[in-house]
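Novice:
Numbering (the UniProt record's numbering), first residue to last: 1 to 360.
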């Protein structure tokens, strides 16, 4: 029996949907008692990520009227940017105890495949990702299968640090794929919403100054420059590649695309200099059509980047503490506002990140 059950709390809510595109609504479940290496946490904060929009829709757009449909089990409780307080542990758990507040690494794998054996659980062939394949943090409580997925965030503001589990980790991993940069090389951040702003803050904390922010929103371009970008451009600017070349002496070595549609892919590749690296991260969808001889002659690399490893999240937490990493623009809403938050994000009405407060 958990401490909460002893105190008369016998059930827990999950804000879930029963069918793709259906309403996100609360459902009551019996409060689980963890066994073995399992850890039960009371959710304190949970970020609302744009991938939650795609997961709720049930597909990714592939372009040409094609879709990649999801096969996750339903009902599904979203939420993979979670900070919680331990309320009960299984009989084999060591290293954490009730009352400890922890950040959860949600990209949990099977532990057996080649990717997992290399420490790349985010690339597991049979994933058990929280908020994707298993119930996530749009809930009062969450079960984590092993304490190794719990990170100590003491010294960080827990109301902000939830974003490190996806927004932070995704951008940190993408940035590391294009480093180092020479003094005359530039990095472009396409899409300056939640992910883009996080990337800009991390680049700023790394001391990288040759940064360009690109977004259709004037507000987000302004936020980009406040977050460390030296220049902000509208992607619809005529002959943008020439404008960038004239404004930013040197070469564009890397383009991080946090939108990920056909237009941003074409834009990114048009901006890159010889030996440049294009890292698509966003999942808005579509097809990439680009002349192969240009990729060869310019020696351009296209590097997909999907969230990050547990080791990278551990490194990011240390980095955030050492650099006093400033938070992106965050709006806090109650857990009961989960459905509206996903809808607002889908409509482009969120400037940075929404974090659901589930109570302490």
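Just so it is clear, CB atoms sit at the ideal spot from N, CA and C, and this is done for glycine as well.
My parser needs the alpha helix (DSSP H) runs of 4 or more residues fully inside the region 261-291; what are they?
Specialist: 262-271
Novice: From the DSSP output, read off the bridge partner residues of residue 69.
Specialist: Your numbering for residue 69 matches position 69 in the chain shown. BP columns for residue 69 point to 59.
Novice: So, does the region 300-310 touch the region 321-339, judging by three or more C-beta pairs under 8 Å?
Specialist: Too few Cβ pairs lie closer than 8 Å, so no.
Novice: How many whole angstroms separate the CB atoms of residue 224 and residue 234, which I take to be in contact at a CB cut-off of 8 Å?
Specialist: The residue you call residue 224 lines up with position 224 of the chain shown. The residue you call residue 234 lines up with position 234 of the chain shown. Under the criterion of beta carbons closer than 8 Å, residue 224 and residue 234 do not qualify as touching, at roughly 11 Å.
Novice: What is the DSSP secondary structure of residue 209, reduced to helix, strand or coil?
Specialist: Numbered from 1 along the chain shown, position 209 holds the residue referred to as residue 209. The answer is coil: DSSP assigns residue 209 none of H, G, I, E or B.
Novice: Taking residue 42 as part of the beta strand (DSSP E), name the residues at either end of that continuous run.
Specialist: On the chain shown, residue 42 is found 42 positions in, with the first residue counted as 1. Note, residue 42: beta strand (DSSP E), 39-48.
Novice: How big is the Cα-Cα spacing for residue 343 and residue 53?
Specialist: Looking up residue 343 in the chain shown gives position 343. Looking up residue 53 in the chain shown gives position 53. When rounded, the distance between both Cα atoms is 8 Å.
Novice: Check the C-beta distance from residue 355 over to residue 199 and give it rounded, since I have them as a contact under 8 Å.
Specialist: By one-based count along the chain shown, residue 355 stands at place 355. By one-based count along the chain shown, residue 199 stands at place 199. Rounded, the Cβ-Cβ distance is 18 Å, inconsistent with contact.
Novice: List the endpoints of the continuous alpha helix (DSSP H) containing residue 188.
Specialist: Numbered from its first residue, the chain shown carries residue 188 at position 188. It is not in any alpha helix (DSSP H) - residue 188 instead sits in the beta strand (DSSP E) that spans 185-190.
Novice: Could you tell me if residue 185 is buried or exposed, where buried requires 16 or more neighbouring beta carbons within 10 angstroms of its beta carbon?
Specialist: For the purposes of this step, residue 185 is taken as the residue at position 185 of the chain shown. Buried, since its Cβ has 16 or more Cβ neighbours within 10 Å.
Novice: Following the continuous alpha helix (DSSP H) through residue 246, name the residue where it begins and the one where it ends.
Specialist: Locating residue 246 in the chain shown gives position 246, where the first residue counts as 1. That run of the alpha helix (DSSP H) goes 240-247.
Novice: Looking only at C-alpha atoms, which of 138, 101, 105, 127 sits nearest to residue 25?
Specialist: The residue labelled residue 25 in the question sits at position 25 within the chain shown. Checking every option, the nearest Cα to that of residue 25 belongs to 138.
Novice: Select from 339, 349, 205 the residue whose C-alpha is nearest the C-alpha of residue 22.
Specialist: Position 22 of the chain shown holds residue 22. Cα-wise, what sits closest to residue 22 is 339.
Novice: At what residues does the alpha helix (DSSP H) containing residue 175 begin and finish?
Specialist: Mapped onto the chain shown, residue 175 falls at position 175. Taken as a continuous stretch (DSSP letters only), the alpha helix (DSSP H) holding residue 175 covers 167-176.
Novice: Measure the C-alpha to C-alpha separation of residue 183 and residue 15 and round it to an integer number of angstroms.
Specialist: Numbered from 1 along the chain shown, position 183 holds the residue referred to as residue 183. Numbered from 1 along the chain shown, position 15 holds the residue referred to as residue 15. Computed Cα separation, rounded: 48 Å.
Novice: Hey, residue 197 and residue 227: beta-carbon distance below 8 Å or not?
Specialist: Within the chain shown, residue 197 is the residue found at index 197, counting from 1. Within the chain shown, residue 227 is the residue found at index 227, counting from 1. Yes; because the gap between Cβ atoms is below 8 Å, this pair is in contact.
Novice: What is the DSSP secondary structure of residue 117, reduced to helix, strand or coil?
Specialist: Position 117 of the chain shown, counting from 1, holds the residue named residue 117. Helix.
Novice: State the DSSP-derived secondary structure class of residue 338, mapped to helix, strand or coil.
Specialist: Counting from one through the chain shown, the residue named residue 338 turns up at place 338. Here residue 338 sits in helix by DSSP.
Novice: If residue 312 and residue 151 are in contact, beta carbons under 8 Å, what's the gap, nearest whole angstrom?
Specialist: In the chain shown, residue 312 corresponds to position 312, counting from 1. In the chain shown, residue 151 corresponds to position 151, counting from 1. Not confirmed; about 11 Å, so no contact.
Novice: Of all the CB atoms in chain B, is at least one closer than 8 Å to the CB of residue 350?
Specialist: The chain labelled as chain B is not found in the depicted structure, where only one protein chain is given.
Novice: Quick test of the definition: if touching needs 3 or more C-beta pairs under 8 Å, does the region 50-70 touch the region 115-122?
Specialist: no
Novice: Which term fits residue 309, buried or exposed, when burial requires 16 or more other beta carbons within 10 angstroms of its beta carbon?
Specialist: Locating residue 309 in the chain shown gives position 309, where the first residue counts as 1. Answer is buried; the Cβ neighbour count reaches 16.
Novice: Mind reading off the beta-carbon distance from residue 285 to residue 261? Whole number of angstroms is fine, and I expect it under 8 Å.
Specialist: Translated into the one-based positions of the chain shown, residue 285 becomes position 285. Translated into the one-based positions of the chain shown, residue 261 becomes position 261. Rounded, the Cβ-Cβ distance is 6 Å, consistent with contact.
Novice: From residue 84 to residue 13, what does the alpha carbon distance come to, in whole angstroms?
Specialist: For this step, residue 84 is matched to residue 84 along the chain shown. For this step, residue 13 is matched to residue 13 along the chain shown. Spanning the two alpha carbons is a distance of roughly 15 Å.
Novice: Can you tell me which residues form a DSSP beta bridge with residue 214?
Specialist: What you label residue 214 is simply residue 214 of the chain shown in a count that begins at 1. DSSP output for residue 214 lists 190, 233 as bridge partner(s).
Novice: Less than 7 Å between C-beta atoms, sequence neighbours within five positions excluded: which residues of the same chain meet that for residue 8?
Specialist: Against the chain shown, residue 8 aligns to sequence position 8. For residue 8, the predicted model reports a pLDDT of 46, less than 50, meaning its position is unreliable and no value from the coordinates is stated.
Novice: Anyone know if the C-beta pair for residue 77 and residue 127 falls short of 8 Å?
Specialist: Start at 1 with the first residue of the chain shown, and residue 77 comes out as number 77. Start at 1 with the first residue of the chain shown, and residue 127 comes out as number 127. No, Cβ-Cβ distance for residue 77 and residue 127 is not below 8 Å.
Novice: Counting only the same chain and skipping the five closest in sequence on each side, list residues whose C-beta sits under 6 Å from that of residue 90.
Specialist: Numbered from 1 along the chain shown, position 90 holds the residue referred to as residue 90. Only 34, 35, 36, 37, 38 meet the Cβ criterion.
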